[in-house]
Structures are given as structure tokens and as C-alpha cells.
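Q: Going down the list, the protein sequences come from chains G and D. Each number in my numbering corresponds to the 1-based position in the first sequence with 17 added. Each number in my numbering corresponds to the 1-based position in the second sequence with 17 added. All C-beta atoms in this analysis are idealised placements derived from N, C-alpha and C, irrespective of residue type, glycine included. Since the model is a prediction, treat every value here as computed from it, not as a measurement. My questions all concern the structure below.
2 protein chains.
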Amino acid sequence: MSAVNRQFRLAARPVGLPKDSDWTLAESHVPEPGPEEVLVRVHYISLDPAMRGWMNEGRSYIPPVAVGDVMRALAAGEVIASEHPSIAVGDHVTGLFGVQEYAAMHGAAVGKVDTELAPLPVYLSALGMPGMTAYFGLLDIGRPSPGETVLVSGAAGAVGSVVGQIAKLKGARAVGIAGGPEKCSYIVDDLGFDAAIDYKSQDVPTGLAEHCPEGIDIYFDNVGGPILDAALAHLARRARVIICGAISQYNQLEAVQGPANYLSVLINHASMTGFVVSDYGDRLAEGVAEMAGWYAAGKVVSREHIVDGIEHFPETLLRLFTGDHDGKLELHVAT
Amino acid sequence: MSAVNRQFRLAARPVGLPKDSDWTLAESHVPEPGPEEVLVRVHYISLDPAMRGWMNEGRSYIPPVAVGDVMRALAAGEVIASEHPSIAVGDHVTGLFGVQEYAAMHGAAVGKVDTELAPLPVYLSALGMPGMTAYFGLLDIGRPSPGETVLVSGAAGAVGSVVGQIAKLKGARAVGIAGGPEKCSYIVDDLGFDAAIDYKSQDVPTGLAEHCPEGIDIYFDNVGGPILDAALAHLARRARVIICGAISQYNQLEAVQGPANYLSVLINHASMTGFVVSDYGDRLAEGVAEMAGWYAAGKVVSREHIVDGIEHFPETLLRLFTGDHDGKLELHVAT
Chain G
18 MSAVNRQFRL
28 AARPVGLPKD
38 SDWTLAESHV
48 PEPGPEEVLV
58 RVHYISLDPA
68 MRGWMNEGRS
78 YIPPVAVGDV
88 MRALAAGEVI
98 ASEHPSIAVG
108 DHVTGLFGVQ
118 EYAAMHGAAV
128 GKVDTELAPL
138 PVYLSALGMP
148 GMTAYFGLLD
158 IGRPSPGETV
168 LVSGAAGAVG
178 SVVGQIAKLK
188 GARAVGIAGG
198 PEKCSYIVDD
208 LGFDAAIDYK
218 SQDVPTGLAE
228 HCPEGIDIYF
238 DNVGGPILDA
248 ALAHLARRAR
258 VIICGAISQY
268 NQLEAVQGPA
278 NYLSVLINHA
288 SMTGFVVSDY
298 GDRLAEGVAE
308 MAGWYAAGKV
318 VSREHIVDGI
328 EHFPETLLRL
338 FTGDHDGKLE
348 LHVAT
Chain D
18 MSAVNRQFRL
28 AARPVGLPKD
38 SDWTLAESHV
48 PEPGPEEVLV
58 RVHYISLDPA
68 MRGWMNEGRS
78 YIPPVAVGDV
88 MRALAAGEVI
98 ASEHPSIAVG
108 DHVTGLFGVQ
118 EYAAMHGAAV
128 GKVDTELAPL
138 PVYLSALGMP
148 GMTAYFGLLD
158 IGRPSPGETV
168 LVSGAAGAVG
178 SVVGQIAKLK
188 GARAVGIAGG
198 PEKCSYIVDD
208 LGFDAAIDYK
218 SQDVPTGLAE
228 HCPEGIDIYF
238 DNVGGPILDA
248 ALAHLARRAR
258 VIICGAISQY
268 NQLEAVQGPA
278 NYLSVLINHA
288 SMTGFVVSDY
298 GDRLAEGVAE
308 MAGWYAAGKV
318 VSREHIVDGI
328 EHFPETLLRL
338 FTGDHDGKLE
348 LHVAT
């Protein structure tokens, strides 16, 4: 076992996009597991838009990462030492292991996963937090009915791609907004979306008028900003807008841009409802079980974009905000 | 019967606040009722913030008033001629009679009211559209539970005053935001609100921190703008925000100010839901019946601010936007 645990620690709270100087690449000792703890060799680290929010000071759904601490991140790996009775060396697990090569965690804070059913990276994607975000947001808040039109932004992303696929499984129409021709053809040709709007080359309101001629029944918003406003202007009666994220706003130096068209909810008797996946913590097993069935049956496709080497964490994180990735962005740390 | 029917017609679409030149005071003949129609002598005309929206071009929940047409308005009056089998001369009725002294309406488009139970102006206030707006918005969307904190803006207004009173009837705490010491003492001393925040002299976020220490469970928004943002910043978990209106934005020359704090719904698993009272058209009888019971028992107080003379319509309408009125603003046209 290597005696060194490389880890990225938050050096400063970013202003706008995180810079290299906001991080310290530290080398610490590999910890020994304490009572009821397990030692995890991290294999894959998940890069998620929510991480940007965790770097900010102030009240949110979880406390911010303290300056000096190891950066919080979901990750997947293998147990290499265990002091917990129900977790064995060799088990594959996921949890908030952080941006580091080894993590000592209480056994209750890790989740065992079955790598016979799906490869480990999928447990950070369709069978992990992004997939569960899509599952509970769309089904619990959106409640799609057959024939309804479901619009999703960030449609080629880890959450959006699953939203569209579940919408199709429920008999709804799926329309995706994504950036660039490759992502648009991916969601239509490979994932079965009914239509795609390329926000980089098309006028989004025109695309919505064309592809959602009877209005949008459900809009699953991952981006905020002008695309949220365009969707609000095209709501159907009793539409449900799911506020899942606002990646266009996370690095804003100025105030967040509120949706100027919010009064569309008034004239359409519509709603905007927000959530984070941890709100569904007590129902995760139900979501993972149903999603695993769909995945095993080939009804839900998961795609990961894996970058090799923990040392590439700072620049890889930025790719979340430029959209320069195809599928769930993960760092590969060890095998 | 006077041979002249004075009426205000829309002369031009207002830019910002309506000006005198946006209106024409026309004199037409008093119409004869056609088949199944009734002729109504208008006694009271209701002045409502929604009227500002009806003057704008473009899609909304009802078509705009056409330039040249009689201005749309709710009103109450007495039937003076009837060609409808179930409506008699002498019946008191409400309906969309417009800003005029006489209206010929199909019998199906008027609602009979009982002036033994409440005076006619109350049927444009607590027992009319504003009261029903408060009733369905708070009870159907807000769903207050005993002990929850209900915040309402425009709290001394026709809708807000009823929202707070119903909140109290349901065992919730009622906190109101109003402009000026008279309105604030009115809602606390006369209507039984638990607390008032005077947005003209107090810092609203400070007032919310003081009077909603465990967060806002339900926010009934009549105003939009900075007050909506302040409320969003103080939401409790699973809060319900009811988007009923946005009087601060109706005369905006620039774009509507969207709520910059809308991501508070995400971190709090909260919702913003809009409606207009006509969404509850099929349940109005239920609402009026329950409200009439509360009114008769003295549990809900209705207050009207009545201005004499149809000729004062243009300047009286503007008082909606300056807040210069105490209670439901109505024009008295005839007795």
C-alpha cells in the first residue's frame, strides 16, 4: 500500500470560476480505519455541478466545505481494510469520499454496490446521485403522464440524459436542450429523445415553439438563466417546473439572474418546485432498484466521460461549466 | 331611466402607469336587453390590480381589452329589466359589467347575490373575487396547518387582509407586510394578525427574521419584486409560495424583475405556484358559502374604500398602485 494519500484541499473560496490557486494538492498519510470504520481505495471520483455550491460560504442544504479541508466529492472504490462487521475487504462501495486517493469512513456512511450488475463508474452516474436526481425529480415532482411533453435542459448530461429516458419509459414526449450537434444527435439517436434543441446554434424560443407546439407540461431545469425564461414563456396549463440546478448561474460574480418570466406560473396555474436528491434519502433504495432493472434491461443507457489521474481535478472540474464532456464526468484514480 | 350610459373606453395601451389620455369617457345609449339578457344598473365598480394586465397586448389568462372597448371590470348592481326566466327585476347581481353605468348581459353571465346577508360592496370584496382569491390560493395551494407561519404581502389589501384572517381561522400564525403605520395597526389590532412589517419604514429582511424566526411556511405574494426576494431568503423547509400577483411590477417599463433568490426553492424543497381565481370557477359556490358563514359570524372582516362617481375612475385606479386606499377600492356609481 502506498504510504501517501494525495488529496485536493480547498485553499480559498473561489470568486467566479475556481482557479488553480483555489486548490492545494496535499500529500497526507493513508489513514488507519478506526472502530467501525472502513478504509476505501478510491477508484473513481464524481465531478458534479453541486460541488461549486459547496465551495461557497453561507447557508445551503449542507454546510460549505471549510477552507483547508479536503474537497467534498462523491466517489466509488474498494474496501481495503475494514473494522466494520458488515463490510468486507474487497467490497465495492460509494460515498462522500472526497477528492483523494484513500478515505477512512464509518461503515454506515458507505453504500455497497454490485459490480456484477453494472461497472463501478455507473454507480456515480445512472445508478448514483445523478440518476436518482433524475428519477425522484421527474417522477415525484414532475409526475409525467403518457402524451405529456417533458423538456429537459442539460439533456446530454448525467441528470438530463436520464430524465429524458425515464420520460420516454413513462410514455411522455422528451425534448432536450443541449449544446452542439454531437450532443443533440446523441440524445435523439442513442437515447431516444423525440427532439433536440441546440442552444449554441439555434434560437431556443423558436425551437420550443416547433417542438412543444402544445406547450411544455414538465420542464426539468438544470441550467437556469435565459433557457429557464424561455421555457417559462412556453408553459402549458398546470405545468410543473422542476428546479434541479442552475449551472449557468453558479459562477456568476453578479447577482443570480432571477427568472423574469416567473409570472407565467400565475397565468398558467403552474408551479416551480425545487429539490435536492438528499430530500429522498429514505427512498433511495427504491429508486436504485427500479433504475437497476431498467439499466439491466437496456432501457436506460448510462455514459461516462472518464479522465485519468487525480492530478487533473482542477481543470477537469471546469469542464462541467464549459460543457466540454460527453456523459457523466469522473476522474479515474486507481483500478 | 337616464337615456345616457357613461362608460370608460380604452383609448390607448398604457406605457407604465395609465394616463388620462389612455381613456375616453364616452356616452352611449342605455342598451335594451336581448333574448335571455338582463339590463343591470351598475351600483359599484371594483378596481383591481388585474385590470392593469388586461390593458396590455398579448397572451394571458384572458384576452386583453381591445382598444376602443369598454374597460373590463367586475361590478355589482341591480337588474332593471330582464328577458331571462330566472332573474327578476330588483335582483342584485355581480359580473363583468365593465366601467359603465349600465350593462346588458346574458343571464348566465351574472351571479345573484343576497344583500340581506351582506351589503352589495362586500360582494366585490371578501365575498367576491378578492375573497375567493384569498380562499382558494391559501387553502388549495398553501394548505396551512396549525402552528405554521403564513406571510402575506399587501396585507391590508382586499386579498391580503382575507388571507391573514383565514390563516388565523386555520390555527396558523399570520404575519403581514403593509405600507405605513395605519395599515400595520389595522391588520394587527382589527384583523388579528400576529405581527406586521411596515415595508415603508422597516427593513423587510430584519422584520422577517424577527417575526418568522423558524422560517416562512407559506408566503402569499401579491407584490413581487424585492419583497418576494426577501421572503424567498427566509423560507422554511417545504415552504409553499403562492404567486397571486406582482403589483410592484405591473407598470414596469423595463423587464419584470425575476426573483433572484428563486434557488431557495431548491435548497428548501419548496415550491412557487401561481393561479388566478378563475381556475377555481367550478368551486366558487363552495368558497362563497364558507366565506359567507365566516362573514356572518364576524370571523372575517371586510373593509371597502369607496369613491363616489364614475368620472373619478382614471385617478382612482392609480390609487391601487400607490397604496393610497384603506380596504377594497370601489367606485360608487348609483344607488
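Give me the residue from D:78, D:97 and D:85 with the minimum Cα distance to residue 351 of chain D.
A: D:97
Q: Thinking C-alpha only, which one of D:216, D:200 and D:217 is nearest residue 209 of chain D?
A: D:200
Q: Would a check of beta-carbon distances place residue 242 of chain D closer than 7 Å to chain A?
A: The structure shown contains no chain A; the protein chains it does contain are G and D.
Q: Could you tell me which chain G residues have their CB closer than 8 Å to the CB of residue 276 of chain D, listed as they occur along the chain?
A: 275, 276 and 279
Q: Taking only three categories from DSSP, how would you classify residue 72 of chain D?
A: coil
Q: Going along the chain, which residues of its own chain have a beta-carbon closer than 7 Å to the beta-carbon of residue 23 of chain G, five neighbours each way excluded?
A: 42, 44, 117, 118 and 327
Q: Can you tell me which residues form a DSSP beta bridge with residue 269 of chain D?
A: According to DSSP, which records beta bridges pairwise, residue 269 of chain D is partnered with nothing at all.
Q: Could you list the residues in the segment 261 to 274 of chain D with a C-beta less than 9 Å from some C-beta on chain G, going in chain order?
A: 261, 262, 263, 266, 272, 273 and 274
Q: Rounded to the nearest angstrom, how far is the Cβ of residue 113 of chain D from that of residue 89 of chain D, given a contact under 8 Å?
A: 6 Å
Q: Indicate whether at least one CB of chain D lies closer than 7 Å to the CB of residue 18 of chain G.
A: Any reading at residue 18 of chain G must be qualified, since the residue scores a pLDDT of 49, below 50, and its modelled position is unreliable; the value itself is stated next. By this cut-off, residue 18 of chain G is not an interface position.
Q: Classify residue 73 of chain D: buried if its beta carbon has 16 or more other beta carbons within 10 angstroms, exposed otherwise.
A: exposed
Q: Would you list the one or two residues that DSSP bridges to residue 257 of chain D?
A: D:235 and D:288
Q: The alpha helix (DSSP H) spanning residue 338 of chain G covers which residue range?
A: According to the DSSP assignment, residue 338 of chain G belongs to the alpha helix (DSSP H) that extends over 330 to 339.
Q: Residue 122 of chain D lies in the beta strand (DSSP E); which residues open and close that run?
A: Its beta strand (DSSP E) spans residues 119 to 123.
Q: Taking residue 251 of chain G as part of the alpha helix (DSSP H), name the residues at either end of that continuous run.
A: Neither: residue 251 of chain G is in no alpha helix (DSSP H) and is coded neither H nor E.
Q: Note down, in chain order, every chain G residue with its Cβ under 7 Å from the Cβ of residue 290 of chain D.
A: 282 and 288
Q: If we call anything under 7 Å between Cβ atoms a contact, is residue 176 of chain D one with residue 136 of chain D?
A: Contact: no.
Q: Can you look up residue 109 of chain D in the DSSP assignment and give me helix, strand or coil?
A: strand
Q: Given a cut-off of 7 Å, decide if residue 232 of chain D and residue 252 of chain D are closer than it, judged by their beta-carbon atoms.
A: yes
Q: Between residue 71 of chain G and chain D, is there a C-beta pair that is closer than 7 Å?
A: no
Q: I need the DSSP call for residue 282 of chain G, collapsed to helix, strand or coil.
A: DSSP, reduced to helix, strand and coil, places residue 282 of chain G within a helical segment of the structure shown.
Q: Might you give, ordered along the chain, the residues of its own chain that have their beta carbon closer than 8 Å to the beta carbon of residue 20 of chain D, omitting 5 neighbours on each side?
A: Once the five neighbours on either side are set aside, the close Cβ partners of residue 20 of chain D are 46 and 47.
Q: Specify the secondary structure class of residue 152 of chain G as computed by DSSP and reduced to three states.
A: helix
Q: Name the residue from G:60, G:79, G:128 and G:71 whose alpha carbon lies nearest to the alpha carbon of residue 27 of chain G.
A: If we check each option's Cα against that of residue 27 of chain G, G:71 comes out closest.
Q: DSSP has residue 61 of chain G in a bridge; who is on the other side?
A: Answer by DSSP bridge pairing, in chain order: G:93 and G:349.
Q: CB residue 142 of chain G to CB residue 319 of chain G, shorter than 7 Å?
A: yes
Q: Leaving out five residues before and five after residue 108 of chain G in sequence, what residues of the same chain have Cβ atoms less than 6 Å from its Cβ?
A: Within the same chain, residue 108 of chain G has close Cβ partners 96 and 129.
Q: Smallest Cα separation from residue 297 of chain D: which of G:284, G:301, G:300 and G:292?
A: When each option's Cα is compared against that of residue 297 of chain D, the closest is G:284.
Q: Smallest Cα separation from residue 50 of chain G: which of G:31, G:67 and G:100?
A: G:100
Q: Would you report the Cα separation of residue 172 of chain D and residue 157 of chain D, rounded to the nearest angstrom?
A: So the two alpha carbons sit approximately 19 Å from each other.
Q: May I have the straight-line CA-CA distance separating residue 261 of chain D from residue 126 of chain G, to the nearest angstrom?
A: Each residue's Cα considered, the two are about 43 Å apart.
Q: Return the Cβ separation of residue 281 of chain D and residue 78 of chain D in integer angstroms, given the expectation that the two are a contact with Cβ distance under 8 Å.
A: That belief does not hold up - the Cβ atoms of residue 281 of chain D and residue 78 of chain D are roughly 26 Å apart, past 8 Å.
Q: Figure out for me which residue from D:38, D:61, D:32 and D:53 has the closest Cα to the Cα of residue 346 of chain D.
A: D:61
Q: Under a CB-based cut-off of 7 Å, is residue 299 of chain D close to chain G?
A: For residue 299 of chain D, the nearest beta carbon of chain G is not closer than 7 Å to its own beta carbon.
Q: Taking all protein chains shown into account, decide if residue 217 of chain D is buried (16 or more other Cβ within 10 angstroms of its Cβ) or exposed.
A: exposed
Q: Helix or strand or just coil, what does DSSP make of residue 322 of chain D?
A: DSSP places residue 322 of chain D in strand when its eight states are reduced to three.
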